[in-house]
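See structure below.
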Amino acid sequence: MNKFMKSLSLWVLIILGAWLLASGLKDKSATKNISYSTFKDLIKSGKVTKAVVKADVISGEFDDNGVIVRYKATLMNDPNLISELEAYNVPEYRAETNKSWVSNVLWYFGPVVLLAFLWFFMIKQMNSSGKSAMMFGKTKAKPEVDNNVTFNDVAGCDEEKEELKEIIAFLKDPQKFQKVGGKIPKGVLLSGAPGTGKTLLAKAVAGEASVPFFSSSGSEFVEMFVGVGASRVRDLFDKGRKNAPCLLFIDEIDAVGRHRFAGIGGGHDEREQTLNQILVEMDGFNTTEGVILIAATNRPDVLDPALTRPGRFDRQVTVYPPDLKGREEIIKVHTKKIKLEDDLDLSIIARRTPGFVGADLANLCNEAALLAARYDKKRVSMVELEEAIERVIAGPEKKSRIMSEKEKKMIAYHESGHAVVAKILDHSDPVHKVSIVPRGPALGYTLQLPREDKYLTTKKHLLSQLAILLGGRAAEEIFCQEETTGAQNDLSRATSIASKMVCEFGMSESLGKITYRKDDSEIFLGRDISKDRQFSNETLDKIDEEIRRIVDEAFQVAKKVLIDAKSKIEKLVVLLIEKESISGEELDSIIQTSQENK
Ligand code: ADP
Ligand code: ZN
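Written as structure tokens, this is what we have:
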């Protein structure tokens, strides 16, 4: 049961309890129950001072040697009562209807008041979670009326835009698209860090295609009553069908789309029902209808695999944080409406904001404008922009994301190490891109793309691969005289390759062409296969030794390459720090010009 129901039932109990208590306490306190005969005796002894006669009880007070005692007795059919009360001079006596008006009101209207109270309480609860009482199973999603966001408002993100163009073409004219025979995904999953512009991109897709944009959020589907979330999902898709062609957007899909059985609750909780409903709806509608679902998440790793199966969110677009050029473009977009001093060089601001995402930069521009207003300036100048950077960095959760100059330099050396080794060694794949913009857990990356599809890998290729992986650490050692934790992933990948060479591919001379492994489980070192007991300790030691030798040799190769290419590395690092990401061609030109200079 959820929180609301619990607190509701608690309230009901409290109110009922209080009500019963109040009606019970009213005349029970210190009242003496006496028999009718005792009552008669009391009258006869002249002690009774008050008598109130009701339909079946008589109550009142008597004087017990100076102490006033309240009494109560069950009435008998006694025609002489009044005459006796008269005869013994009871000072006050009267008759009353069975219940006082207070208890009457309570009896007749109590339940009504209680119900009204409950009703009021429920409505209040619902409103506080943003819904009116009757809109229970409905989604809040309304079509964005004047959505005039277009791709022009989304700076950078060129690759992401490219991937979404097909969706736009489809939404513009679903029938035509169908005739050409294009197969369109039902759902697109945008994943990326918060503030990288996922919502903005989705909105721009709708804007570009001039179709309605229905925006909702995963958290809206996780509600207090089981079944409400599912019914809201149904409602969202109904709205979509009625307004087709259109775009449905679900932000934070991970709120409902978490891997089932992974979270708290397990079993049949509300979230699971909602998720199932989303799956059912996605399977149910067919793309000819012209409805596209875009969902956003910053945790694609926790999503239930059912969501990413074909026919559901089968297109995934990762939205990356902007690099230097991207940041400058975003700043330009957000300073369009701000009056800037003439000749302001926005690239300086872009350079000073590594690690900022779109939302941070939008925030920065806004802060700068506010500061200018505070300083009574007509135009925003560098001073306000720089101060705004400080303010945004000082914001609560930003600090950890922003890279220091020193870190940036170390990462640049590390990535240059990978790139230059890859470039210079034979038998390696061409480098497509080198970047020091963080992507997920990696602080930088060197992207290699194979020249052609390969089904077989040669030993030489594996050895170059090892040297390239170790090139990062080698560069740290040579140029920074320091070792960082950033190489951890490289090292584990290198170890894995080397152990496969020894244990699976029979590529070690001393151990021969033998497979030292039985199942598919990942092994890193010889010790891991010792469970098999198939090999002697001696063999296992040899395996470890051989793996270590291969890794060490590859490291030496990388080191030698880097020492020989020192000047190229330095050039590359300067360029990387300046531009943050450089293409394969730019890398080529650096390596070539340096070679000519030699
Ligand atoms: P997300 O959905 O990824 O958390 P949003 O789309 O909500 O991020 O982005 C928040 C704000 O940041 C946007 O409204 C926009 O002002 C700004 N922003 C983010 N990315 C960009 C971008 N590429 N170009 C321009 N503005 C951006
Ligand atoms: Zn690395």
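Just so you know, the sequence shown maps onto residues 2 to 599 in my numbering.
Heads up, the beta-carbon is just placed ideally off N, CA and C, and yes, glycines get one too.
Since this is a predicted model, take the numbers as computed values, not measurements.
heavy atom of the ligand ADP below 6 angstroms from residue i C-beta
i: T298; result: no
i: L119; result: no
i: K199; result: yes
i: G196; result: yes
i: A389; result: no
i: V334; result: yes
i: A468; result: no
i: A363; result: yes
i: I425; result: no
i: I251; result: no
i: I479; result: no
i: I331; result: yes
Near the ligand ZN: residue i beta-carbon under 6 angstroms from a heavy atom
i: D491; result: yes
i: G507; result: no
i: G258; result: no
i: G327; result: no
i: G157; result: no
i: G312; result: no
i: G228; result: no
i: G359; result: no
i: G473; result: yes
Assigned exposure category for residue i - 16 Cβ within 10 Å defines buried
i: A263; result: Note that A263 scores a pLDDT of 48, beneath 50, so its modelled location is shaky; the value from the coordinates is reported in the next line. Result: exposed.
i: Y109; result: exposed
i: H419; result: buried
i: I412; result: buried
i: R313; result: buried
i: S465; result: buried
i: I69; result: exposed
i: K204; result: buried
i: A134; result: Any reading at A134 must be qualified, since the residue scores a pLDDT of 41, below 50, and its modelled position is unreliable; no value is offered.
i: F118; result: exposed
i: D491; result: buried
i: Y414; result: buried
i: K132; result: Only weak support exists for where K132 lies, its pLDDT of 45 falling under 50; the value from the coordinates is given anyway. Buried, since its Cβ has 16 or more Cβ neighbours within 10 Å.
i: E579; result: exposed
i: L11; result: exposed
i: E629; result: A question about residue 629 goes unanswered here, because the residues of the chain that appear run from 2 up to 599.
i: T447; result: buried
i: R328; result: buried
i: N149; result: exposed
i: V113; result: exposed
i: Q482; result: exposed
i: E445; result: Note that residue 445 is Gly in the sequence shown here, rather than Glu. Its Cβ being crowded by 16 or more others within 10 Å, G445 is buried.
Cβ-Cβ separation, residue j to residue i (assumed contact under 8 angstroms), whole Å
i: V432; j: L588; result: 6 angstroms
i: L512; j: K543; result: 6 angstroms
i: S582; j: V435; result: 7 angstroms
i: E330; j: S382; result: Going by Cβ atoms, the distance from E330 to S382 rounds to 21 angstroms, so no, they are not a contact pair.
i: I437; j: L573; result: Not a contact, Cβ separation roughly 11 angstroms.
i: G255; j: V223; result: Per the sequence shown, the amino acid found at residue 255 is Asp instead of Gly. Not confirmed; about 11 angstroms, so no contact.
i: D361; j: V393; result: 5 angstroms
i: I185; j: F250; result: Not confirmed; about 17 angstroms, so no contact.
i: L499; j: I469; result: As written in the sequence, residue 499 is Ala, which differs from the Leu given in the question. The pair is not a contact, with the Cβ atoms about 13 angstroms apart (cut-off 8 angstroms).
i: T516; j: G507; result: 7 angstroms
i: K569; j: I592; result: 6 angstroms
Given 8 angstroms, three or more beta-carbon pairs between the region 34 to 48 and the region 72 to 89 = Inter-segment contact for the region 34 to 48 and the region 72 to 89 is present: three or more beta-carbon pairs are separated by less than 8 angstroms.
Evaluate contact between the region 307 to 326 and the region 189 to 199, counting only Cβ atoms and requiring at least three cross-stretch pairs below 8 angstroms.
-> Output reads yes: the region 189 to 199 touches the region 307 to 326.
Okay, do the region 348 to 357 and the region 167 to 174 touch, 3+ Cβ pairs below 8 angstroms being the bar?
-> no
Taking only runs of the beta strand (DSSP E) that begin and end inside the region 169 to 199, which ones reach a length of at least 3 residues, in chain order?
-> 188 to 192
Using 8 angstroms as the threshold, is the region 285 to 297 in touch with the region 237 to 252, meaning 3 or more CB pairs across them?
-> Counting C-beta pairs closer than 8 angstroms gives three or more between the region 285 to 297 and the region 237 to 252, which meets the contact rule.
Cβ contact check for the region 325 to 340 and the region 359 to 375: 3 or more pairs under 8 angstroms = yes
How do the region 199 to 218 and the region 269 to 283 stand: do at least 3 beta-carbon pairs fall below 8 angstroms, yes or no?
-> no
Is the number of C-beta pairs between the region 186 to 193 and the region 304 to 318 that are closer than 8 angstroms three or more?
-> yes
Just checking, does the region 547 to 556 make contact with the region 471 to 484 on the three C-beta pairs under 8 angstroms criterion?
-> Taking a contact to require three or more Cβ pairs closer than 8 angstroms, the region 547 to 556 and the region 471 to 484 qualify as touching.
Going along the chain, which unbroken runs of the alpha helix (DSSP H) with 4 or more residues stay wholly within the region 46 to 105?
-> 82 to 88
Start-end ranges of the alpha helix (DSSP H) lying completely within the region 276 to 353, minimum 4 residues = 325 to 336 and 347 to 352
Which full runs of the alpha helix (DSSP H) of 4+ residues lie inside the region 226 to 259, going along the chain?
-> 229 to 243 and 255 to 258
Ordered list of alpha helix (DSSP H) runs contained in the region 362 to 437, each at least 4 residues = 383 to 395 and 406 to 425
Just checking, does the region 229 to 237 make contact with the region 274 to 283 on the three C-beta pairs under 8 angstroms criterion?
-> yes
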